[in-house]
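In my numbering, the protein residues as written are 1 to 797.
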């Protein structure tokens, strides 16, 4: 029989799968584009049109994930950076900037690190300085152009024997038909020393007007893409951020050395871009009205966004540099301190930058015709981001250099120099609130950013008044006690709290707006709650503090706790303007927040853990914080009874503890219940003693808290955070044996139950790693020690 033989044709026809083979289509599409992008000076030059096409093609190809590996392995990062650095043609630089931005955003941290490693940060900053030189002054450019022609005529008329070496070289170029080095053109080849990095925007409108419309548009768009790319790069790591902040804007050849004032040059350039955007937005400024108005505003928004990102809470040195202040000396940042006169000059420039940002923030809420109507959304975003920068700067100053003299900013409304904190609270905050409330259809991005800034302001409001109290403590003896910082009362008594809660209602289609509105309301209520009367375990004996507590209770409508009549609960006589409204406002907020939390806790997506479950849980978590703060402000004087049973909020808080997946939610539920257990709201209804329903609620809450403590231990179901909250709740709740609810402690035998769980509590404390979570370990040790002392004290009662 014939032997079986291989069939070569069959082998050719068979298509075999190679898992290591790269996509042929991606490689074939990438190679033509990369061939038009030189990798360095050793490669052959490429025509401008081909280079622009190649850059645009690379950006399009990189948007698809299947092409990214081929492009990155072919050195696309180095090629784009070289194109940006070596070619001064406006179209090339615009496309290179856009392509580099696409690489950084779509490629993630790995590409960002590669760009920084290949000198991308320095290239971007050099291009920004190059653009500022071109925008600085039209008159200077014209003068340099005239000087070029005058120099040419002078060389042609001068005898050769009278020329020096440089003049002979230039004359030889003219004789050979070669032009002299350009003075005015695409390169903007002016002397680097001529750059006014803190003032180039003043002359930029005239420079743009003298340029061709397409060239002006191209230049501004180039700057916008470069700023956006730089913002993305600074997320690659602290070393990239410091390299950008320490770069010397005046001496191109000098290496970046540590400076005491970090990022002042970069902040100056970005603030000038913001200034340029404000000039373009004003309808009365005919000189700045150009065809690239929209592009100028986009550049200003990108610059404000960069400043906001660079001055974030974990980047305090740059935030201080925006204000012209030196950063504190640390192990990671050590630099020689300049002499006092240089520090004063830097601070002056910093205050000018802050004044620019304050003027941009004053453009809000864009409803009075101060800006061109079609540009209002962009201007609103610019003002919101500028407000965020000012808030970040103030936070950095209070955190890093709290003892420094106050920073003053030129008032935008002719009121002279105003302290920065006053600008933020008295001028910016109302404008931000109005921007959020102006139109529900406003861009959700602008509203979300505005709410984030409001939340940051709420988190720090009143700090200045607290510092003044500490400074002037000696003169406070003859003054009336400060019940609450004056800046907080109008926010509670006005529409501010209601506005934030309206933004958090479930009917709002934008979930991001809901989350941020509730976060801002939570920060406001938390700031107020920090001034509330302490729990019974920390009750003061100082007469001045007791007087302050009486005034507080009059302010919020709980004067009956101090012996006043229940009829004055909502009156708050003598507590100041709006005092009679605070009690009802807080109780309405309580009902509204509980309704929001109940909606999201029962939402199908949250219960099932589907899409948006984390957002829903975050909203519920924030609502629990709001409820806890309101309960502390009112000292628990809320209705905990409905009919003959507990109020829905009491049952809901207990259910939240058992169903929660976050320790923060459990802690807030315990804290709110512990405060509600002190409720004497029956006195507001004419009763002098607790009704059976109120007594039953006291038993319900007490049993719940003690039960949480009983399940503590290494093998129990109570987490360390919940254990600390429950033990502190027991000590706070039952420290006063004369309280109307103390009978529960005796009747339910809490003394023996708590004494029996102390060994398990101590064992759980030992399971907390003091290296990984030192604050929690310290808090747990303290609460167990307090419980031992509390039990010993109750034995003597």
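Note that CB positions come from ideal geometry on N, CA and C, so glycine has one too.
According to DSSP, which residues form a beta bridge with residue i?
{"i": "residue 408", "result": "419"}
{"i": "residue 646", "result": "641"}
Under 8 Å by Cβ, that's how I've got residue i and residue j pegged, so tell me the actual separation to the nearest angstrom.
{"i": "residue 384", "j": "residue 450", "result": "5 Å"}
{"i": "residue 424", "j": "residue 457", "result": "6 Å"}
{"i": "residue 317", "j": "residue 262", "result": "4 Å"}
{"i": "residue 198", "j": "residue 147", "result": "Not quite, the Cβ-Cβ distance comes to about 25 Å (not below 8 Å), so this is no contact."}
{"i": "residue 670", "j": "residue 726", "result": "6 Å"}
{"i": "residue 394", "j": "residue 374", "result": "No, residue 394 and residue 374 are not in contact; Cβ-Cβ is about 33 Å, not under 8 Å."}
{"i": "residue 447", "j": "residue 513", "result": "5 Å"}
{"i": "residue 321", "j": "residue 351", "result": "That pair is no contact at about 13 Å."}
{"i": "residue 436", "j": "residue 499", "result": "7 Å"}
{"i": "residue 220", "j": "residue 127", "result": "Not confirmed; about 13 Å, so no contact."}
{"i": "residue 740", "j": "residue 692", "result": "Contact doesn't hold; Cβ gap of about 13 Å is too wide."}
{"i": "residue 505", "j": "residue 596", "result": "6 Å"}
{"i": "residue 744", "j": "residue 716", "result": "Going by Cβ atoms, the distance from residue 744 to residue 716 rounds to 23 Å, so no, they are not a contact pair."}
{"i": "residue 135", "j": "residue 195", "result": "Residue 135 to residue 195, Cβ: 10 Å. No contact."}
By Cβ distance, which residues of its chain are closer than 8 Å to residue i, with the 5 residues on each side in sequence left out?
{"i": "residue 417", "result": "408, 409, 410 and 411"}
{"i": "residue 111", "result": "72, 77, 103 and 104"}
{"i": "residue 160", "result": "168 and 171"}
{"i": "residue 243", "result": "116, 121, 122 and 256"}
{"i": "residue 233", "result": "104, 112, 115, 116, 120, 121, 124, 240 and 244"}
{"i": "residue 784", "result": "727, 758, 761, 762 and 765"}
Residues in its own chain within less than 7 Å of residue i by CB, not counting five upstream and five downstream?
{"i": "residue 474", "result": "Low per-residue confidence applies at residue 474: pLDDT is 38, beneath 50, and the placement is therefore not dependable enough to give any value."}
{"i": "residue 589", "result": "497, 501 and 630"}
{"i": "residue 275", "result": "201 and 356"}
{"i": "residue 472", "result": "Note that residue 472 scores 41 on pLDDT, short of 50, meaning its location in the model is unreliable and no value can be drawn from it."}
{"i": "residue 664", "result": "621"}
{"i": "residue 83", "result": "37, 51, 55, 92 and 96"}
{"i": "residue 229", "result": "97, 100, 101, 104 and 124"}
{"i": "residue 545", "result": "none"}
Considering only residues of the same chain and omitting the five flanking positions on each side of residue i, which have a CB-CB separation below 6 Å?
{"i": "residue 567", "result": "Note that residue 567 has pLDDT 45, beneath the 50 cutoff, so the model's placement of it is unreliable and the number below is only indicative. Around residue 567: no qualifying Cβ."}
{"i": "residue 549", "result": "533"}
{"i": "residue 654", "result": "704"}
{"i": "residue 386", "result": "304, 357, 360 and 361"}
{"i": "residue 736", "result": "536"}
{"i": "residue 649", "result": "594"}
{"i": "residue 346", "result": "261 and 324"}
{"i": "residue 288", "result": "Residue confidence is low: residue 288 scores 47 on pLDDT, short of 50, so the model does not pin down where it sits. Its coordinate-derived value is still stated next. So the list reads 205, 279 and 280, once near-sequence residues are dropped."}
{"i": "residue 672", "result": "627, 628, 631 and 653"}
Between the options, which lies nearest to residue i when the distance is taken from Cα to Cα?
{"i": "residue 874", "options": "718, 731, 778 and 792", "result": "Since the displayed the chain opens at 1 and closes at 797, residue 874 lies outside it and no answer follows."}
{"i": "residue 547", "options": "562, 429 and 790", "result": "562"}
{"i": "residue 747", "options": "695, 340, 81 and 92", "result": "695"}
{"i": "residue 461", "options": "219, 526, 404 and 513", "result": "526"}
{"i": "residue 340", "options": "351, 353, 326 and 352", "result": "326"}
{"i": "residue 700", "options": "757, 640 and 738", "result": "640"}
{"i": "residue 586", "options": "609, 539, 635 and 610", "result": "635"}
{"i": "residue 90", "options": "757, 164, 604 and 215", "result": "215"}
{"i": "residue 485", "options": "225, 660, 667 and 528", "result": "528"}
{"i": "residue 300", "options": "348, 381 and 233", "result": "381"}
{"i": "residue 684", "options": "775, 780 and 638", "result": "638"}
{"i": "residue 349", "options": "88, 298 and 272", "result": "272"}
{"i": "residue 554", "options": "491, 592, 483 and 602", "result": "483"}
{"i": "residue 308", "options": "771, 559, 584 and 389", "result": "389"}
{"i": "residue 65", "options": "106, 789 and 788", "result": "106"}
{"i": "residue 44", "options": "79, 403, 433 and 67", "result": "79"}
{"i": "residue 365", "options": "427, 334, 676 and 344", "result": "427"}
{"i": "residue 838", "options": "720, 504, 715 and 787", "result": "Residue 838 lies beyond the residue range present for the chain, which begins at 1 and ends at 797; the question has no answer from this structure."}
{"i": "residue 531", "options": "602, 34, 644 and 551", "result": "551"}
{"i": "residue 249", "options": "707, 734 and 130", "result": "130"}
{"i": "residue 674", "options": "661, 682, 698 and 660", "result": "698"}
For residue i and chain C, any beta-carbon pair shorter than 8 Å?
{"i": "residue 294", "result": "The structure shown contains no chain C; it is built from a single protein chain."}
- request: Just list the beta strand (DSSP E) runs in the segment 705-754, keeping only unbroken ones of 3 residues or longer that don't cross its boundaries, in chain order.
  value: Under the rule that a run must span 3 or more residues, no beta strand (DSSP E) segment is found entirely inside the segment 705-754.
- request: Note down, one range per segment and in chain order, each alpha helix (DSSP H) of at least 4 residues found wholly within the segment 483-524.
  value: Correct list: 488-493 and 496-503.
message: Quick check for students: name the residue ranges of the beta strand (DSSP E) that lie wholly in the segment 74-148, counting only runs of 3 or more.
response: The DSSP assignment places no complete beta strand (DSSP E) segment of no fewer than 3 residues inside the segment 74-148.
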